[in-house]
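Novice: Residue numbers (full-length UniProt numbering), protein chains in the order written: chain W, 1 to 332; chain P, 1 to 332.
All C-beta atoms, glycine included, are put in the ideal place defined by N, C-alpha and C.
Starting off with a structure, shown below.
Quick look at the structure:
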């Protein structure tokens with residue numbers, strides 16, 4: 001037992017929902033077993049046991065509890081959401097040829113790409129079985145649509161990432177695929193199984209969507225102005241990997257011909273030289289795009305908090321609202 | 001218009017179901033579109049337009065028609081089944097590092113592994129949306145279980161393929177994952193949406209399962225005794241790729257110590273030399289495992305035909321029965 005009381009909202013949520021999260025973790029362990037293919041639990045355990053904040057399943061549990069849900073299906077849906085998330089991480093690591101995830105070597109490095117692809121598919125199938133068990137066609141519809149948005153966003157990111165025509169609306173679609181679609185599905189299904197009125201279901205969707213977008217914009221901004229020690233990333237990784245994120249998209253939109261040539265060379269063609277990152281940062285400074293991106297992140301966080309107003313006044317609502325603040329607070 | 005009348009059962013099925021197959025193809029084209037990610041239809045069209053016999057969606061249409069189904073959901077489910085199949089092909093090509101599929105370069109070679117992984121995920125998500133539209137939880141349950149069996153079988157194949165402990169029961173599980181699970185789901189859902197009695201639903205499952213197993217065993221046998229011109233494969237590809245299939249599993253089970261050492265060297269360790277394929281074939285001859293494998297294939301085909309007896313007497317039933325014959329007839 002830890003005597004310290006955390007004030008971080010995701011840790012307060014975790015403490016409040018600890019019993020249900022334990023049930024989710026137990027269900028995840030049971031369902032990732034495979035009698036004949038031990039490679040499956042090996043790969044999955046490597047990733048699942050590595051931790052992570054379990055933010056997505058927590059959102060489902062929180063939404064259900066906030067809506068007064070009394071049954072057991074929220075545990076199944078929380079595990080579903082975590083399985084979908086884990087499956088996408090496995091596939092992402094193959095796609096990105098990553099070597100590290102959550103501070104450990106990735107599965108594709110420890111085993112091979114094959115294992116990552118196939119075990120990811122297995123987790124998708126398992127998540128699908130779990131959600132069918134809830135017997136709710138509405139829930140299935142929400143999660144099927146989220147799965148399509150996620151996959152479409154991933155493909156879009158692959159083709160649009162280094163394409164200077166990528167504008168803010170495409171960026172938003174990529175962000176929904178990468179992060180917000182699963183956040184919003186996670187919160188929405190919590191309300192659906194609780195049977196709350198349509199306006200509240202919609203509010204839960206809006207909250208998850210806006211929270212996910214705020215979260216991802218903050219992540220992309222920190223890539224350019226973060227503290228490497230705090231974020232575990234080096235400043236400018238996205239630039240070096242030629243990823244068009246919001247601060248650059250905003251700078252490209254206002255670029256002079258000469259500046260545009262710079263972006264074409266460094267992002268589209270990937271011909272980067274010493275001093276280019278500094279030049280990129282200078283252009284973002286010139287147009288104030290880092291400040292504008294920060295303002296966008298705060299606006300989405302505000303949108304998330306506002307959505308919660310339609311939901312019951314409850315300690316979990318406060319924590320969810322604080323979570324939206326917390327996600328952008330690190331941007332200061 | 002082709003004036004020739006085919007006597008091949010799958011071509012007779014295709015002719016009988018041509019109107020519904022056209023609807024399936026139209027639906028596939030609509031649903032693989034993506035407004036913002038043109039890479040998706042590019043990759044998918046490459047594979048879908050390449051043809052293939054469309055055997056799986058045809059099985060769904062045939063089962064529904066045979067059971068007197070009058071609605072439109074069989075078209076959605078047939079497209080679902082084809083999407084799942086196409087998604088697994090895309091992922092298989094990444095896993096196998098294949099360069100050719102259906103006589104054309106594979107998507108992972110034309111584009112990249114990323115595209116194959118992510119577009120495969122997109123098709124899975126699309127198939128999931130399509131099946132949810134039918135509104136049948138029973139159908140969703142069947143397809144979720146099939147998806148899990150497929151994924152588990154693929155992982156199992158990866159880890160068990162070169163492991164001499166792989167016995168006939170593991171082989172059967174791999175075969176169900178590779179082929180039979182989608183065949184049996186395809187036929188079963190056709191009966192489910194038609195609302196036929198449970199015994200007939202079960203019979204449709206048994207037919208698809210046995211047909212798929214017969215089909216895969218025949219394929220594995222032809223690898224050792226096929227005509228390269230007819231099969232498009234070279235004799236012994238599976239041996240060279242160290243894949244334990246039924247003819248070898250049966251020979252390993254009866255091996256002397258010296259023979260076992262041969263299998264350990266060639267399959268487990270993959271240290272193959274000139275003359276090893278001939279030696280492998282001689283051992284299969286010694287124990288009559290090619291003949292025994294052929295007998296197994298015929299027995300599964302017979303099981304498929306027998307299952308059909310519970311279903312209505314109908315020209316489609318005759319074609320399905322002939323299809324089971326046809327699958328093993330090429331074994332002579």
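Quick one: measure Cβ to Cβ for residue 297 of chain W and residue 217 of chain W, integer angstroms, because I've assumed they're closer than 8 Å.
Specialist: Here residue 297 of chain W refers to the residue found at position 297 of the first chain. Here residue 217 of chain W refers to the residue found at position 217 of the first chain. Sure, about 4 Å apart at Cβ, within 8 Å.
Novice: Taking the alpha carbon of residue 163 of chain P as the reference point, which residue from P/198, P/194, P/245, P/72 has its own alpha carbon closest?
Specialist: As a working note, residue 163 of chain P is residue 163 in the second chain. Among P/198, P/194, P/245, P/72, the Cα nearest to that of residue 163 of chain P belongs to P/245.
Novice: Whose C-alpha, out of P/287, P/78, P/222, is nearest the C-alpha of residue 189 of chain P?
Specialist: The residue you call residue 189 of chain P lines up with position 189 of the second chain. That would be P/78, whose Cα lies nearest to the Cα of residue 189 of chain P.
Novice: Count the C-beta pairs between the segment 131-150 of chain P and the segment 175-182 of chain P that are closer than 8 Å, then say yes if the count reaches three, no if not.
Specialist: Segments in contact, yes.
Novice: Residues in the same chain with beta-carbon distance under 7 Å from residue 342 of chain W, minus the five sequence neighbours each way, listed in chain order, please.
Specialist: In the structure as shown, chain W begins at 1 and stops at 332. Residue 342 of chain W is therefore absent and cannot be evaluated.
Novice: Taking Cβ-Cβ distances shorter than 9 Å, what residues in chain P pair up with residue 121 of chain W?
Specialist: Reading the first chain from its first residue, position 121 is the one you call residue 121 of chain W. What residue 121 of chain W touches in chain P: 87, 88, 91, 120, 121, 124, 147, 150, 151, 154, 155.
Novice: Is there at least one Cβ from chain W nearer than 8 Å to residue 114 of chain P's Cβ?
Specialist: Position 114 of the second chain, counting from 1, holds the residue named residue 114 of chain P. Chain W, which has a Cβ nearer than 8 Å to the Cβ of residue 114 of chain P, makes this yes.
Novice: For residue 321 of chain W, collect the residues of the same chain with a Cβ closer than 6 Å to its Cβ; drop the 5 residues on either side in sequence, then sort them by chain order.
Specialist: Position 321 of the first chain holds residue 321 of chain W. These residues qualify, in order along the chain: 305, 308.
Novice: Quick check on residue 2 of chain P - is its C-beta less than 8 Å from some C-beta in chain W?
Specialist: Within the second chain, residue 2 of chain P is the residue found at index 2, counting from 1. Confidence at residue 2 of chain P is low in this model, with a pLDDT of 46, below 50, so the placement of that residue should be treated as unreliable; the coordinate-derived value is given next. Cβ-Cβ to chain W under 8 Å: no for residue 2 of chain P.
Novice: When burial is assigned at 16 or more other CB atoms within 10 Å of the CB, is residue 7 of chain W buried or exposed?
Specialist: Position 7 of the first chain, counted from the start, is the residue given in the question as residue 7 of chain W. The residue in question, residue 7 of chain W, is exposed, as its Cβ has fewer than 16 Cβ neighbours within 10 Å.
Novice: Using a C-beta to C-beta distance shorter than 7 Å, which residues of chain W count as neighbours of residue 275 of chain P?
Specialist: In the second chain, residue 275 of chain P corresponds to position 275, counting from 1. The contacting residues do not exist; residue 275 of chain P stays about 30 Å from chain W at best.
Novice: When you compare only the Cα positions, how much space is there between residue 52 of chain W and residue 146 of chain P?
Specialist: The residue you call residue 52 of chain W lines up with position 52 of the first chain. The residue you call residue 146 of chain P lines up with position 146 of the second chain. Taking the straight line from one Cα to the other gives about 30 Å.
Novice: With a threshold of 6 Å on Cβ separation, who are the neighbours of residue 16 of chain P within its own chain once the five nearest residues in sequence on each side are excluded?
Specialist: Taking the first residue of the second chain as position 1, residue 16 of chain P is located at position 16. Here the set comprises nothing.
Novice: Can you tell me which of the three DSSP states residue 247 of chain P falls into?
Specialist: Within the second chain, numbered from 1, the residue matching residue 247 of chain P stands at position 247. In the structure shown, residue 247 of chain P sits in a helix (DSSP, three-state: H, G or I).
Novice: Taking 8 Å as the cut-off, decide whether the C-beta atoms of residue 186 of chain W and residue 44 of chain W are in contact.
Specialist: The residue given as residue 186 of chain W occupies position 186 in the first chain. The residue given as residue 44 of chain W occupies position 44 in the first chain. Cβ atoms of residue 186 of chain W and residue 44 of chain W: not closer than 8 Å.
Novice: Short of 7 Å in beta carbon distance, which residues of its chain neighbour residue 205 of chain W, apart from the five on each side in sequence? Order them along the chain.
Specialist: As a first step, residue 205 of chain W is located in the first chain; it is residue number 205 there, counting from the start. So the list reads 184, 187, 188, once near-sequence residues are dropped.
Novice: Roughly how many whole angstroms lie between the Cα atoms of residue 312 of chain W and residue 66 of chain W?
Specialist: Position 312 of the first chain, counted from the first residue, corresponds to residue 312 of chain W. Position 66 of the first chain, counted from the first residue, corresponds to residue 66 of chain W. One C-alpha to the other measures close to 7 Å.
Novice: Mark residue 256 of chain P as exposed unless 16 or more other C-beta atoms lie within 10 angstroms of its C-beta, in which case mark it buried.
Specialist: Counting from one through the second chain, the residue named residue 256 of chain P turns up at place 256. Under this definition residue 256 of chain P is an exposed residue.
Novice: State the DSSP-derived secondary structure class of residue 130 of chain P, mapped to helix, strand or coil.
Specialist: As a working mapping, residue 130 of chain P is identified with position 130 in the second chain. Residue state, collapsed to three classes: helix.
Novice: Within the 8 Å Cβ cut-off, does residue 141 of chain P reach chain W?
Specialist: Within the second chain, numbered from 1, the residue matching residue 141 of chain P stands at position 141. Judged by the 8 Å Cβ criterion, residue 141 of chain P is in contact with chain W.
Novice: What residues in its chain sit with their C-beta under 7 Å from that of residue 215 of chain P, if we drop five residues either side in the sequence?
Specialist: Taking the first residue of the second chain as 1, we reach residue 215 of chain P at position 215. Correct list, in chain order: 179, 327.
Novice: Going straight from the alpha carbon of residue 74 of chain W to that of residue 41 of chain W, what length do you get?
Specialist: Taking the first residue of the first chain as position 1, residue 74 of chain W is located at position 74. Taking the first residue of the first chain as position 1, residue 41 of chain W is located at position 41. Cα to Cα, the separation comes out at about 23 Å.
Novice: Would you report the Cα separation of residue 331 of chain W and residue 225 of chain W, rounded to the nearest angstrom?
Specialist: Sequence index remark: in the first chain, residue 331 of chain W carries index 331 (1-based). Sequence index remark: in the first chain, residue 225 of chain W carries index 225 (1-based). Whole-angstrom Cα-Cα distance: 9 Å.
Novice: Would residue 18 of chain W be called buried (16 or more neighbouring beta carbons within 10 Å of its own) or exposed?
Specialist: Translated into positions along the first chain, residue 18 of chain W becomes position 18. Burial call: exposed.
Novice: Compare the C-beta of residue 132 of chain P against all C-beta atoms of chain W and say whether one is closer than 8 Å.
Specialist: As a working note, residue 132 of chain P is residue 132 in the second chain. Cβ-Cβ to chain W under 8 Å: yes for residue 132 of chain P.
Novice: Quick one: using the 10 Å Cβ neighbour count with 16 as the cut-off for buried, is residue 169 of chain P buried or exposed?
Specialist: One-based indexing of the second chain puts residue 169 of chain P at position 169. Residue 169 of chain P comes out exposed.
Novice: Within 10 angstroms of the Cβ of residue 57 of chain W, are there 16 or more other Cβ atoms? Answer buried if so, exposed if not.
Specialist: Position 57 of the first chain, counted from the first residue, corresponds to residue 57 of chain W. It is buried - the Cβ of residue 57 of chain W has at least 16 other Cβ atoms within 10 Å.
Novice: Assuming the contact rule is C-beta atoms closer than 8 Å, residue 238 of chain P and residue 220 of chain P should be a hit. Round their C-beta distance to whole Å, please.
Specialist: Indexing the second chain from 1 puts residue 238 of chain P at position 238. Indexing the second chain from 1 puts residue 220 of chain P at position 220. With a Cβ gap of about 7 Å, residue 238 of chain P and residue 220 of chain P count as contacting.
Novice: Could you tell me the boundaries of the alpha helix (DSSP H) in which residue 207 of chain W lies?
Specialist: On the first chain, position 207 is the one that residue 207 of chain W refers to. Per DSSP, residue 207 of chain W belongs to the alpha helix (DSSP H) from 198-225.
Novice: Please return the same chain residues whose Cβ sits closer than 6 Å to the Cβ of residue 264 of chain W, not counting the five positions on each side in sequence.
Specialist: Within the first chain, the letter at position 264 stands for residue 264 of chain W. Contacts found: none.
Novice: Residue 298 of chain W by DSSP, collapsed to three states: which one?
Specialist: For the purposes of this step, residue 298 of chain W is taken as the residue at position 298 of the first chain. Three-state result, residue 298 of chain W: helix.
Novice: When burial is assigned at 16 or more other CB atoms within 10 Å of the CB, is residue 2 of chain P buried or exposed?
Specialist: For the purposes of this step, residue 2 of chain P is identified with residue 2 of the second chain, where counting begins at 1. Residue placement at residue 2 of chain P is poorly supported in this model, since its pLDDT is 46, which falls under 50; the coordinates are not used for a value here.
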